[in-house]
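The opening residue of the sequence shown carries number 358 in our numbering; numbering runs sequentially from there. Where a beta carbon is used, it is the ideal one built from N, C-alpha and C, also for glycine.
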Amino acid sequence: MKIHVNGINVHYEYTGRKNAPVVMLCHSLSATLAMWDAQMAALSERYQVLRYDLRGHGESDAPSGPYDFDMLAGDAVGLLRALNIARCHFVGLSIGGMIGQALALNREQEIASLALCATTSRMPIEMQPVWDERIRGAMENGMASLKTGTLERWFTAGFRARQPSEVARVGRMIEMTPMPGYAGCAQAIKMLNFTDQLLRINLPTLLIVGCDDPGTPVAASQAIQREINGAQLSVLDDAMHICNIEQAEGFNRALLDFLAEQEPRHSLP
């Protein structure tokens with residue numbers, strides 16, 4: 358399904374248990390809503406599940422950037438309002454978690470709870486040239502040139518060896534990411550700086566991170582946890598950045614337990 362919100366056409370799927378609370382899923386940079394496939398069966402038994410392709414990704418429109426987090430959060434809010442969803446439990450991974458922070462800081466009335474996965478609240482200034490180089494490399498050599506390095510940051514060597522078909526599936530998402538979408542979102546990530554505002558967030562919050570994540574390490578989640586009152590932290594063993602795929606069972610258990618605390622009457626199928 359597609360719907361026009363915030364100036365673009367957004368591709369989304371809205372499935373699950375009718376009349377149940379809504380869980381909204383927001384994927385990482387260079388992925389699509391299919392990144393959440395391993396969560397769908399477990400979530401759909403208990404909740405309505407809304408997942409969508411970010412601006413510049415998958416089947417959503419990919420206008421020229423740069424993008425910023427107010428724009429990306431506006432896309433999420435626009436989708437909720439277009440579907441007449443008053444509030445949702447928001448789950449975001451990587452840039453999705455950054456968008457979640459933007460929503461919690463500026464659109465809190467739309468959010469019932471927040472799950473921030475494999476993410477960070479500030480991009481160190483020394484990382485800005487790294488993002489510039491990634492954007493330049495993609496523009497000069499195509500998205501395929503980023504695939505190998507990205508997959509090596511996203512999945513442990515053991516997982517890449519055990520699950521080559523799944524890694525290849527994710528690799529195709531990377532290759533197919535529209536250039537304007539990658540560059541626009543990368544510019545937003547490059548300028549990320551939410552840490553000093555996080556004390557304002559007053560929502561039930563769960564942080565999930567892979568113990569071996571090199572890009573958004575455990576310390577980044579711990580820094581967020583220190584700022585958000587009552588935030589919980591779940592660290593998944595033997596996982597890197599895309600921990601919802603690499604350790605899907607542990608990820609699902611942590612997320613469902615957290616959601617059950619917020620919506621106890623929907624904790625059983």
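(1) I'd like the span of the alpha helix (DSSP H) that includes T507, first residue to last.
(2) Please classify W482 as buried or exposed, where buried requires at least 16 neighbouring CB atoms within 10 angstroms.
(3) Do R408 and H623 have their CB atoms nearer than 8 Å?
(4) If I measure Cβ to Cβ from K504 and keep anything under 8 Å in the same chain, skipping five residues before and after, which residues do I get?
(5) Using a Cβ-Cβ cut-off of 6 Å (strictly less than) and excluding sequence neighbours within five positions of G449, which residues of its own chain qualify?
(6) How far does the beta strand (DSSP E) with E497 in it extend, from its first residue to its last?
(7) Just to confirm the assignment, what range does the beta strand (DSSP E) spanning K359 have?
(8) Taking 8 Å as the cut-off, decide whether the C-beta atoms of V362 and L436 are in contact.
(9) Is any heavy atom of the ligand HEM found at a distance shorter than 7 Å from the C-beta of G494?
(10) In this structure, does DSSP put Q604 in helix, strand or coil?
(11) Cα separation between L590 and Q579?
(12) Classify G515 as helix, strand or coil using the three-state DSSP reduction.
(13) Decide if P378 is buried, meaning its Cβ has at least 16 other Cβ atoms within 10 Å, or exposed.
(14) Tell me the start and end of each unbroken alpha helix (DSSP H) in the segment 549–607 that is at least 4 residues and wholly inside, in chain order.
(15) Taking the alpha carbon of L390 as the reference point, which residue from N376, M358, S421 and K375 has its own alpha carbon closest?
(16) What is the DSSP secondary structure of M480, reduced to helix, strand or coil?
(17) A472 and L612 - do their beta-carbons sit closer together than 8 Å?
(18) Do the segment 563–578 and the segment 538–551 touch if we need at least three Cβ pairs shorter than 8 Å?
(19) Using CA coordinates, which residue listed in A576, P571 and Q544 is at the minimum distance from T552?
(20) By the 10 Å Cβ neighbour count, where 16 or more other Cβ atoms means buried, how is G515 classified, buried or exposed?
(21) Taking the beta carbon of Q604 as the centre, do at least 16 other beta carbons fall within 10 Å, making it buried, or is it exposed?
(22) Is the CB-CB distance between A395 and D427 below 8 Å?
(23) Have a look at E618 and S502 and give me their C-alpha separation to the nearest angstrom.
(24) Residues bridged to T372 by DSSP?
(25) Compare the C-alpha of S417 against each of E497, A388 and N366 and name the closest.
(26) Got a sec? Which residues, its chain only, sit under 6 Å from G607 by beta carbon, not counting five neighbours each side?
(27) Would you mind working out which of N586, A443 and T476 sits nearest I468, comparing C-alpha positions?
(28) According to the Cβ coordinates, are L555 and E584 closer than 8 Å?
(29) Is it true that the CB of C600 sits closer than 8 Å to the CB of A518?
In short, the structure shows the following:
(1) Annotation for T507: the continuous alpha helix (DSSP H) segment containing it runs A501 to W511.
(2) This sequence places Ile at residue 482; Trp is not what is there. Exposed.
(3) Going by C-beta atoms, R408 is not nearer than 8 Å to H623.
(4) Closer than 8 Å at Cβ, skipping near neighbours: G528, I531 and E532.
(5) Once the five neighbours on either side are set aside, the close Cβ partners of G449 are C383, I456 and G457.
(6) Where E497 is concerned, there is no enclosing beta strand (DSSP E), although the alpha helix (DSSP H) it sits in stretches over Q485 to N498.
(7) K359 to V362 is the span of the beta strand (DSSP E), which, as asked, contains K359.
(8) Between V362 and L436, the C-beta spacing is below 8 Å.
(9) Ligands displayed in this structure: none; no statement on the ligand HEM is therefore possible.
(10) Of the three classes helix, strand and coil, the one that applies to Q604 here is coil, per DSSP.
(11) Roughly 8 Å separates the two Cα atoms.
(12) DSSP, read as helix, strand or coil, puts G515 in helix.
(13) Buried, since its Cβ has 16 or more Cβ neighbours within 10 Å.
(14) Counting only unbroken stretches of 4 or more residues, the alpha helix (DSSP H) elements lying wholly within the segment 549–607 are 575–584 and 600–603, in sequence order.
(15) Answer by Cα proximity: M358.
(16) DSSP places M480 in coil when its eight states are reduced to three.
(17) Cβ atoms of L612 and A472: closer than 8 Å.
(18) As far as the Cβ criterion goes, the segment 563–578 does not touch the segment 538–551, which means the pair count is below three.
(19) Of the listed residues, the one whose Cα sits closest to T552 is A576.
(20) Exposed.
(21) Buried: at least 16 other Cβ atoms inside 10 Å.
(22) No, these two residues do not count as a Cβ contact at 8 Å.
(23) Taken atom to atom, the span from the alpha-carbon of E618 to that of S502 is near 43 Å.
(24) Answer is V406, bridged to T372.
(25) S417 has its Cα closest to that of N366, out of E497, A388 and N366.
(26) Taken in chain order, the residues that qualify are L593.
(27) Measuring from the Cα of I468, the nearest candidate turns out to be A443.
(28) Yes, the Cβ-Cβ distance between L555 and E584 is below 8 Å.
(29) No, these two residues do not count as a Cβ contact at 8 Å.
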